[in-house]
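See below for the structure under consideration.
Residue numbers (this note's numbering): 10 to 212.
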């Protein structure tokens, strides 16, 4: 499975947002782009550069590659409603993202690893595809032999209730979650502007 293997902290500094928990402390210490001239870069940013930066934020935040992101955009266009909203909802419904949102993993990359290693079930069946689109009412739980994994227990213990969104019901004791419904765009709090991404692809 193809995935980004570069430095997520450098990308976070370049884009100005923490794309993973470990990048937060780096941004606090160095809130400027990486490189020799990172602190001295100034000047007006073009409209295209702003649009591209928003696309990069979304792409890296959800951990998808360029071709995958383009495919999500095409699916969003084909759906009814606002294209930008549809795009965000599709990304939110990715299996690895739902696992992360439920608190089973401290980051999306860690959630992706749980999925690809076959530790999780959806409605009682093993699903090891991170890009699987979760539907309303589907139940996510760990395989019997994976329920006592220390990393999962630690992540659940550290995840505050406020981090778990209202559209996912989590049973921490049994390490089980139910994807209640597709969230509204206003309920998804992330630091990107998807409308700029739509404008970029519409050119």
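Just so you know, even glycine gets a beta-carbon here, dropped at the ideal spot from N, CA and C.
Keep in mind the model is a prediction, meaning the values are calculated, not measured.
Q.
What ranges does the alpha helix (DSSP H) occupy inside the stretch 40–126, keeping only unbroken runs of at least 4 residues that lie completely in it?
A. 56–71, 75–87, 92–101, 104–110, 117–125
**Q.** Buried versus exposed call for residue 200 [16 or more other C-beta atoms within 10 Å across all chains shown]
**A.** As a first step, residue 200 is located in the chain shown; it is residue number 191 there, counting from the start. Counting Cβ neighbours within 10 Å, residue 200 comes out exposed, since fewer than 16 surround it.
Q) Would DSSP call residue 153 helix, strand or coil? A) Translated into positions along the chain shown, residue 153 becomes position 144. Helix at residue 153.
Q.
Using C-beta distances below 7 Å, list every residue in its chain close to residue 179, excluding the 5 sequence neighbours before and after it, in chain order.
A. Within the chain shown, residue 179 is the residue found at index 170, counting from 1. So the list reads 111, 112, 173, 186, once near-sequence residues are dropped.
Q. Using 8 Å as the threshold, is the stretch 90–106 in touch with the stretch 70–82, meaning 3 or more CB pairs across them?
A. yes
Q: Note down, in chain order, each residue of its chain lying with its Cβ closer than 6 Å to the Cβ of residue 141, except the 5 sequence neighbours on either side.
A: As a working note, residue 141 is residue 132 in the chain shown. So the qualifying residues of the chain are 104.
Q: Could you have a look at residue 167 and say whether DSSP puts it in helix, strand or coil?
A: Position 158 of the chain shown, counted from the first residue, corresponds to residue 167. Reduced to three states, the DSSP call for residue 167 is helix.
Q | Pairwise C-alpha distance: residue 162 and residue 129 | A | As a first step, residue 129 is located in the chain shown; it is residue number 120 there, counting from the start. As a first step, residue 162 is located in the chain shown; it is residue number 153 there, counting from the start. For residue 129 and residue 162, the distance between alpha carbons rounds to 14 Å.
Q. Alpha helix (DSSP H) containing residue 206: first to last residue?
A. Residue mapping note: residue 206 aligns to position 197 of the chain shown, counting from 1. Start and end: 203–210.
**Q.** Residue burial classification, residue 95 (beta-carbon count within 10 angstroms, cutoff 16)
**A.** Here the question's residue 95 lines up with position 86 in the chain shown. Buried, by the Cβ-count rule.
Q) Going by other Cβ atoms of all chains shown within 10 Å of its Cβ, with 16 needed for buried, is residue 149 buried or exposed? A) Here residue 149 refers to the residue found at position 140 when the chain shown is read from its first residue. Buried, since its Cβ has 16 or more Cβ neighbours within 10 Å.
Q: Give the DSSP-derived three-state secondary structure of residue 182 in the structure shown.
A: One-based indexing of the chain shown puts residue 182 at position 173. Residue 182: coil per DSSP, three-state reduction.
Q.
Distance check for residue 53 and residue 77, CA to CA, integer angstroms please.
A. One-based indexing of the chain shown puts residue 77 at position 68. One-based indexing of the chain shown puts residue 53 at position 44. So the alpha carbons of these two residues sit roughly 31 Å apart.
Q: Give a yes or no on whether the C-beta atoms belonging to residue 207 and residue 92 are separated by under 7 Å.
A: Counted from its first residue, the chain shown places residue 207 at position 198. Counted from its first residue, the chain shown places residue 92 at position 83. Closer than 7 Å, so yes.
(Q) Taking its Cβ as the centre, do 16 or more other Cβ atoms sit within 10 Å of residue 212, making it buried, or is it exposed? (A) Locating residue 212 in the chain shown gives position 203, counting from the first residue. Classification of residue 212: exposed, given that the 10 Å Cβ count is below 16.
Q | Proximity below 7 Å, CB of residue 127 to CB of residue 137 | A | For the purposes of this step, residue 127 is taken as the residue at position 118 of the chain shown. For the purposes of this step, residue 137 is taken as the residue at position 128 of the chain shown. Yes; because the gap between Cβ atoms is below 7 Å, this pair is in contact.
Q. Does the Cβ of residue 86 have 16 or more other Cβ atoms within 10 Å, making it buried, or fewer, making it exposed?
A. Taking the first residue of the chain shown as position 1, residue 86 is located at position 77. Residue 86 is exposed by the Cβ-count criterion.
Q: Label residue 118 either buried or exposed according to how many other C-beta atoms from any shown protein chain fall within 10 Å of its C-beta, with 16 as the threshold for buried.
A: As a first step, residue 118 is located in the chain shown; it is residue number 109 there, counting from the start. With 16 or more Cβ atoms within 10 Å of its Cβ, residue 118 is classed as buried.
Q | Same chain, Cβ closer than 8 Å to residue 152, neighbours up to 5 away in sequence not counted | A | Locating residue 152 in the chain shown gives position 143, where the first residue counts as 1. Result list for residue 152: 127, 128, 129, 130, 135, in chain order.
Q: Please report how far the alpha carbon of residue 57 lies from the alpha carbon of residue 205, in whole angstroms.
A: Numbered from its first residue, the chain shown carries residue 57 at position 48. Numbered from its first residue, the chain shown carries residue 205 at position 196. In a straight line, the C-alpha of residue 57 is about 9 Å away from that of residue 205.
Q) Are residue 107 and residue 143 touching if we call contact CB-CB under 7 Å? A) Locating residue 107 in the chain shown gives position 98, counting from the first residue. Locating residue 143 in the chain shown gives position 134, counting from the first residue. For residue 107 and residue 143, yes; Cβs fall inside 7 Å.
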